[in-house]
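Residue numbers (the numbering used here): 6 to 275.
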Ligand SMILES: C[S@@+](CC[C@H](N)C(=O)[O-])C[C@H]1O[C@@H](n2cnc3c(N)ncnc32)[C@H](O)[C@@H]1O
């Protein structure tokens, strides 16, 4: 490197969080920042499920679903393309909320520096094990309380999990807050209430649908949460973030929320 030119290094999650005045940034362990609060409601149920054996049992069904949607790359790129079209492959700092074990990372440009947040610590440990470059780029935190200063990222996205986030308005507000002005915020999940197309609901016996969902491997508490969810998360997100557009994905079995609307220039990255 020529004399006088300093190497620009990307800040770690802990360094970014040090500039956040929201008070939840703690110490780091295993390369993961501890910024988790006391969990309750849906977030408690989701953390128990994704930290435990239920998600390991259920995952094959998620993979099968995506295989029917054209395979992992095609089904995930229906969502991730909105980030790639906006940022191209120029260097960018991007946040995945609900990153799990990092399944989306292999489909995104290597020039991007990706950070991740999850409510389930087991998932973050698995992500770091799978992708050593994620060391120092992960935070154990809720979507509703992201431990970063305003405008820390060029883009922010969430794939799966959003329907059951404890507070949809707060999480979409946080994703918008930590993204720089004009940067894309992209959120996707399956259409809420899909299970109401199950035979049990059709014949007025929702307990039948709960039984087969448990047979697929889901925890009882998670099943109750899924079947009893009386909310419309994409509508709640749209009410919080005017200008958010919703497009169908996965043959209309899923939705993708995009802000700002595609086609509007989001500007260059750093
Ligand atoms: C279906 S998995 C998706 C994982 C990954 N994004 C993918 O596409 O494979 C949902 C993830 O969201 C996380 N999650 C659920 N609720 C959350 C919340 N309120 N805040 C942060 N993460 C959450 C779960 O722990 C889980 O890892």
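Glycine is no exception: its CB is placed at the ideal position from the N, C-alpha and C atoms. This structure is a prediction, so every number in the text was calculated from the model and none was measured.
Compute the Euclidean distance between the alpha carbons of residue 188 and residue 265, then round it to the nearest angstrom. 8 Å
Could you pull the DSSP bridge partners for residue 123 from this structure? 145
Which residue marks the beginning of the alpha helix (DSSP H) containing residue 55, and which one marks its end? 46 to 56
Taking Cβ positions, are residue 168 and residue 211 nearer each other than 7 Å? It is not a contact, given that the beta carbons lie outside the stated cut-off.
Whole-angstrom distance between residue 150 and residue 275, CA atom to CA atom: Below a pLDDT of 50, predicted positions are generally treated as unreliable, and residue 275, at 39, falls in that range; the measurement from the model is reported next regardless. Distance between the alpha carbons of residue 275 and residue 150: 25 Å.
Using a 10 Å radius around the Cβ and a threshold of 16 neighbouring Cβ atoms, would you call residue 231 buried or exposed? buried
Between residue 41 and residue 146, is the Cβ-Cβ spacing less than 7 Å? yes
If you drop the 5 nearest sequence neighbours on each side, which residues of the same chain put their C-beta closer than 7 Å to that of residue 78? 112
Since residue 21 and residue 154 are thought to touch, with beta carbons under 8 Å apart, how far apart are those beta carbons, to the nearest angstrom? 7 Å
In its own chain, which residues sit with a C-beta less than 7 Å from the C-beta of residue 214, not counting the 5 before and 5 after it? 200, 203, 205, 206 and 232
If you run the structure through DSSP and keep just helix, strand and coil, what is residue 170? coil
When DSSP builds the beta bridges, which residues end up paired with residue 39? DSSP lists 145 as partners of residue 39.
Strand pairing of residue 193, partner residues [DSSP]: 164 and 261
Over what stretch of residues does the alpha helix (DSSP H) that includes residue 249 continue unbroken? Neither: residue 249 is in no alpha helix (DSSP H) and is coded neither H nor E.
What is the DSSP secondary structure of residue 225, reduced to helix, strand or coil? helix
Cross-strand partners of residue 80 (DSSP beta bridge): Per DSSP, none; premise fails for residue 80.
Chain-order list of residues whose beta-carbon lies under 7 Å from that of residue 237 (same chain, five-residue window excluded): 197
Look at residue 161 and residue 127 and say whether their C-beta atoms are less than 7 Å apart. no
Pairwise C-alpha distance: residue 108 and residue 141: 18 Å
Can you round the beta-carbon distance between residue 122 and residue 100 to whole angstroms, since I take them to be within the 8 Å contact cut? 7 Å
State the Cα-Cα distance for the pair residue 192 and residue 172, rounded to the nearest angstrom. 14 Å
Pop quiz: residue 194 and residue 165 are said to be a contact at Cβ under 8 Å. What is the actual Cβ separation, rounded to whole angstroms? 6 Å
Helix, strand or coil, according to DSSP, for residue 199 in the structure here? helix
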